[in-house]
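Residue numbers (the working numbering): 83 to 487. As structure tokens, the structure follows; a few thoughts come after it.
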């Protein structure tokens with residue numbers, strides 16, 4: 083058992099990055115606004131995204147290099163496109179996860195009600211930790227965080243389920259423009275944006291450095307544990323939103339502090355007021371871990387991309403990109419932050435409409451000559467991948483045609 087736990091790591095980092103906004107914010111909001119009506123979307127998007135996420139650790143362990151190195155082999159245009167897309171989205175994504183963490187800090191600690199202040203403080207704390215601890219800190223801490231959050235969420239959902247009235251299981255497709263926009267946002271980060279596959283490949287290589295005997299099979303087991311955890315917890319958060327808020331006429335606030343109060347109330351209404359601090363700290367720790375994970379991953383990926391593109395040497399530095407991301411995130415806090423809900427929705431929609439690109443290049447990479455033949459996806463996985471590309475592309479075209487035409 084101990085040996086198995088030691089081999090877990092990148093998959094739990096994946097779960098830590100994914101469970102944040104997509105679960106605590108989007109899944110609870112889906113339950114509060116639509117009941118269990120969007121459960122189909124949660125399950126389908128997890129199903130169709132699975133191959134593309136799995137290709138990250140598969141490629142890394144099979145070849146000994148990251149997806150980014152593989153992208154470069156597909157052509158300079160691919161790696162340049164990745165660079166541009168990441169620059170375009172990383173500040174919004176980092177701000178979105180950090181502002182939810184800041185809202186929870188306002189609710190829990192009460193030192194200041196200024197959510198921008200908390201956002202800056204949390205960003206600086208994460209940057210400091212990563213500057214000294216780096217991967218080892220993430221690898222060890224995430225195991226405890228995921229266990230604590232999983233237990234508290236399972237218990238809360240179970241107790242809420244036992245106290246509830248009859249549940250309506252009818253599935254719905256939002257008819258309104260606002261509802262459809264939320265559906266796309268919900269799927270955009272469920273369980274996470276597809277570029278996490280790049281992060282996962284980098285984390286897998288870091289894990290390999292520490293465990294030389296780590297195999298592809300063990301890495302995929304680690305990934306599956308993390309992925310299954312995100313699906314089960316996603317369902318739990320939709321259930322909590324449904325059981326506690328659906329039909330009450332109360333929706334989630336777009337204010338960070340008010341949202342945090344409502345989020346913690348989801349748990350305490352089921353577990354009792356005595357659980358306030360336990361649940362509050364669990365939720366805060368989860369979002370803090372997401373903030374920490376994303377602040378590690380984007381700079382790690384950008385430094386590697388800059389190295390591949392042979393950009394100025396300073397741009398190949400992990401610490402340089404942490405500094406850039408910290409400054410950019412703080413700038414968004416001060417100049418662009420007026421509505422948390424809109425910010426989260428923008429970040430998640432951007433992630434969804436770029437998903438077909440990441441899905442396609444991941445599929446081409448692991449199916450082509452750059453992947454050792456015995457590790458390439460089998461016939462079933464290829465069909466699954468093509469179906470996933472059709473699903474993601476279809477919804478993206480539908481969304482763009484609805485809002486841009």
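Where a beta carbon is used, it is the ideal one built from N, C-alpha and C, also for glycine. Model, not experiment: these values are computed from the prediction.
Residue i burial status per 10 Å Cβ neighbour count (16 or more: buried)
i	result
residue 161	buried
residue 444	buried
residue 468	exposed
residue 466	buried
residue 226	exposed
residue 481	buried
residue 94	buried
residue 112	buried
residue 331	exposed
residue 83	Summary for residue 83: the model assigns pLDDT 48, below 50, so the residue's position carries little reliability; its value from the coordinates is reported in the next sentence. Classification for residue 83: exposed.
residue 127	buried
residue 244	exposed
Limits of the unbroken alpha helix (DSSP H) element including residue i
i	result
residue 296	That residue, residue 296, is in no alpha helix (DSSP H); it is neither H nor E in DSSP.
residue 122	121-145
residue 115	110-116
residue 282	278-292
residue 382	358-390
residue 272	First-last for residue 272: undefined, no H or E at that position.
residue 153	149-156
residue 101	92-101
residue 437	437-449
residue 414	400-417
When the options are compared against residue i, the one with the closest alpha-carbon
i	options	result
residue 459	302, 312 and 411	302
residue 189	434, 446, 343 and 416	343
residue 137	473, 453, 475 and 476	453
residue 155	387, 434, 351 and 293	387
residue 316	236, 398, 410 and 115	236
residue 414	119, 171, 103 and 151	171
residue 140	463, 113, 128 and 397	463
residue 251	116, 100 and 440	116
residue 242	177, 255 and 320	320
residue 191	362, 440 and 261	362
Beta-carbon proximity of residue i to residue j, cut-off 8 Å
i	j	result
residue 233	residue 98	no
residue 279	residue 135	yes
residue 275	residue 313	no
residue 307	residue 144	no
residue 91	residue 304	yes
residue 110	residue 265	no
residue 412	residue 202	yes
residue 380	residue 407	yes
residue 365	residue 345	yes
residue 324	residue 118	yes
residue 351	residue 326	yes
residue 157	residue 447	no
residue 204	residue 187	yes
residue 434	residue 333	no
residue 475	residue 208	no
Residue i: CB within 7 Å of a non-hydrogen atom of the ligand GTP
i	result
residue 259	By its list of ligands, the structure shown contains no ligand whatsoever, and the ligand GTP lies outside what it can speak to.
- Query: Which full runs of the alpha helix (DSSP H) of 4+ residues lie inside the stretch 162-245, going along the chain?
  - Reply: 197-214 and 216-245
- Can you check the stretch 455-484 for any alpha helix (DSSP H) of at least 4 residues that lies completely inside it and give the ranges in chain order? none
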